[in-house]
Each structure stands twice: as structure tokens, then as C-alpha cells.
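In order, the protein sequences belong to chains A and B. In terms of the working numbering, the first sequence is residues 1 to 216. In terms of the working numbering, the second sequence is residues 1 to 216. Here is the structure we will look at, set down as C-alpha cells.
There are 2 protein chains.
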Amino acid sequence: MKLYGFWRSLASYRVRVALHLKGIAFEETPINLLSGAQHSDDYRKVNPQAVIPALIDGNGPPIFQSLAILEYLDEVHPSPPLLPKDARARARVRGLAQIVACDAHPLVVPRIRTYLEKDLALDEPARNTWLQHWTAKGLAALEANLAGNPATGRFCQGDNVTLADICIASQVVGAAFFSVDTKPYPTAVRIFGDCMKMDAFAISHPLKQPGAPASH
Amino acid sequence: MKLYGFWRSLASYRVRVALHLKGIAFEETPINLLSGAQHSDDYRKVNPQAVIPALIDGNGPPIFQSLAILEYLDEVHPSPPLLPKDARARARVRGLAQIVACDAHPLVVPRIRTYLEKDLALDEPARNTWLQHWTAKGLAALEANLAGNPATGRFCQGDNVTLADICIASQVVGAAFFSVDTKPYPTAVRIFGDCMKMDAFAISHPLKQPGAPASH
């Protein structure tokens, strides 16, 4: 498979983790978000929304949106599964994943940061406050759902990694990028720690990718 | 089933449509977003994220996040299906749905509008520009994926209603709320028109719900 991603992209991180968890061979083509490469005519032919990630599997058209890609990978490469079997448990996993992928992460992506800077003329402290505020809100929503819930185990839903853990990992990595204090979210942080003990999460980490700085 | 929703909520609209499409009996409890009822202690016991919708099915815990709810409904009440059978087609449908539910709609919800007004002290024209900008961006991303794509039929993916159509309907309704010109998005608008010919979409429309104004 072929992944269009970028070291800095938290959504690309999610897809990279799933590919490694499932042992799927892939090559990654970097689309430099910092230089605006996602807006090039060439990349718009891959994904007309001009965002990453996008995944190519064989001769099919590009697959877009990180959670749609994760579900696709789980359907065509079911082992190990990224969703439990029970419908209610699947709904909880998807709900937790969507707290990150719908309600938290889209507020801190490059196009939003650009709008805050260029269109709203916010100074850097105000932009950082925005990034920290919404990143923390996402973690708080996760923590409120995870802490004390009997369905929570070593991972978000019992003791197997699911879509929810992949999304939480991306959210906690984002918190480090934006210098968010994660102490108020001990369950999310504990799960993140257990994720990072797994090779698929560790080698996929944004700061381990080509082009990444030594620290952020 | 029991739905916690609100007339104005575009995400609640999605769930209402799916319940009606599948012929599932439900009662809706309004959570008044305009008065902040989602932040009450009582509602936080239902959904600690303090957002709607949430769905209760029997004695199980509340199910949260609109797309997770739609997938759950499709799993426990498979007829009529809201996803095609082919994995690539399912990925496209989910990707289109997530353009709305992840990248567009979360930018215009009450908590964002409040932050723009209270924390950033933006005046009403600047806030309206924000709402229109991101609503239009979502429609543009949909249109770029739909127009001229051979997979697009009467609906987003062939001739059967899917999750993607439900999300597009909510996005076009949102465009009307925020006075966004939809002329540049003829495919999305055409699909919306075909959706609205169906009872499930028409009777679920935000402006048809208890408490809604005669127009918006």
C-alpha cells in the first residue's frame, strides 16, 4: 500500500500505527504540510480536499479520512482486529475515537492555525491558548468516559488495542506538541504509555519519521 | 430507543434520520443547547462530554458521537443498510461522512461559537464569516469528491442512501442556517434535494422539531 502522510500529521500517525499493527507493507510519500504541499495540483488529484492522510491500495482510488482508512484496513486485513465484536462495545470504541477525530483534532490542524493567524490576526499567545484549550478539552472528554468505567481495561475497551487507543495516542502526542499539561488525564496517559510499549506505536511516532526535528 | 437531541443540532438530525429510515420507534428528549442544558449535572451523567446526541437502547449505557450511533444502528438494525457491502465503497462513504462530521461541522458548534464570542471577543460579522467559511469549505470538499466521480449516483454512492447522504443533508441544512451560498456545490445540493423527498429526511428536519422557530 502507499500512504500519503507527513511526520507532523497526527491523522497520518493513526494510519501508520494501524498498518504496522496489521503487518501491512507500505511506503509513505511525504506531503510537506509546513510548505503547503497538500495544496499542489498533483496532490489534489490524490485527495481533492487537500488534506492528509490518503491511502492507495493496489489499483483502487485513494481512500481518505483517517477513521475511514482505519475501518477499511480492519475490513480487508481483519487480524488483529481494531474493533471488538459486540455492537455496543464497537459503538463505545468508535465514540471515543470520534471524540478525538471529530471534536478535538480538527480544531488544531494547519488550516485552522492559518486562519487564526492570517484571517483573525491572532498573536502567537492567543493561538497557543486556542491549541491548548481544544487539545485539553478532547483529553478531558476522553478521561471522563474512561476513568471508572468498567469497560476500560488495559486499553480503552478491555485489554486489546482498538481504534480508540490509536486515536488517544495521537491526541496525547498532540498534547506534547502544544505543551498541554496531561496530569488531569491519568487514564488516557496510562493507556498512551501502554500503547507506546508496542513497536507499532513507537516506530510510527511523528518524531521518528523522516524530516522530523530531534524534539518538538 | 431514547434520543437526547435538540431541534437546532445538526448531529441530532443525522441520528433522527437514521432512526426513521430504519423504522425504529424512539422518543426524543430535548437538551436545550441555547440555554446550556448540555452542561447540567443530570445530562453529564448521560454524556460526560456534555454534547448531543446520545442514544439509549434498552438497558445499555448511552451511545455517543453521531457517526458511532449511526454505525451502531446499522449493525443492530441492518435493514435498510446505511453502508454498501464492498469495502472500498464503504470507505468512500465513511470518508465523505467524515468530511462533514470531522472536518466541517465541529467548527461551527455552540462551544466554538461561544469561544469566538467570549474568549476571542470577535464581533458578529467576524463570527459569521468564520461559520460561513468552514461550512463552505466542507461543501467544497464534498463537491470535489462527488462531481464527475463515477461512483456517485442518485445519492453519494450509487442509488441507495448511506451515511454520507445523511451527513450531506445535515451540512446543507447548516448552510441554510448560516446563509451560505450553495450554488457552487450543485452535486451536493442535488443529492440533498433527493434526500428531502424522503419522509425520513423531511420529518427529521431541524425546523420541523418541537421548539424550532418557523424559519431560521
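Glycine residues also receive a C-beta, built at the ideal position from the N, C-alpha and C atoms. Keep in mind the model is a prediction, meaning the values are calculated, not measured.
Along the segment 46-62 of chain B, going in chain order, the ones with a CB nearer than 7 Å to a CB of chain A are P48, Q49 and G60. Within a 10 Å sphere around the beta-carbon of A/A121 sit fewer than 16 other beta-carbons, which makes this residue exposed. Excluding the 5 residues flanking it on each side, A/Y43 has same chain C-beta neighbours closer than 8 Å at Y4, I31, A37 and A50, in chain order. Taking every protein chain shown into account, the CB of B/N47 has 16 or more other CB atoms within 10 angstroms, so this residue is buried. Distance from the CA atom of B/T29 to the CA atom of B/V180, rounded to whole angstroms, is 30 Å. Contact check for A/W130 against A/L116 passes: the beta carbons are separated by less than 8 Å.
B/I69 is bridged by DSSP to nothing; it lacks a bridge partner. Exclusion of the five residues before and after B/A141 leaves I99, D103 and A104 as the residues of its chain whose Cβ lies within less than 8 Å of its Cβ.
For B/V17, the nearest beta carbon of chain A is not closer than 8 Å to its own beta carbon. What A/D103 touches in chain B, judged by beta-carbon distance under 7 Å, is P106, going in chain order. Each residue's CA atom was taken as its position, placing B/A126 and A/K118 some 13 Å apart.
Of all residues in the segment 142-174 of chain B, the ones placed with a Cβ closer than 7 Å to any Cβ belonging to chain A are A144 and N145, in chain order. B/V161 sits close to B/C195, with the two beta carbons spaced by under 8 Å.
Taken in chain order, the whole alpha helix (DSSP H) runs of length 4 or more contained in the segment 110-178 of chain A are 110-114, 124-146 and 163-177.
Take A/F178, set aside five residues on each side of it, and the residues of its chain with a beta-carbon closer than 6 Å to its own are L131, Q132 and T135, in chain order. Annotation: A/F64 to B/P78 spans about 25 Å, alpha carbon to alpha carbon. Scanning chain B for C-beta atoms nearer than 7 Å to the C-beta of A/G95 yields I63, F64, Q65 and A68, reported in chain order. B/R88 has a beta carbon lying within less than 8 Å of a beta carbon in chain A. When Cβ-Cβ separations below 8 Å define contact, A/I99 makes contact with chain B.
DSSP, read as helix, strand or coil, puts B/P106 in helix. Three or more beta-carbon pairs drawn from the segment 5-21 of chain A and the segment 65-74 of chain A are found closer than 8 Å, and the two stretches are therefore classed as touching. DSSP, read as helix, strand or coil, puts B/P30 in strand. Among the CB atoms of chain A, none fall inside 8 Å of the CB of B/E124.
The beta carbon of B/I52 lies closer than 8 Å to those of Y4, G5, F6, S9, A11, S12, I31, L33 and Q38 in the same chain, with the five residues before and after it left out.
For B/I99, there is no enclosing alpha helix (DSSP H), as DSSP gives it neither H nor E.
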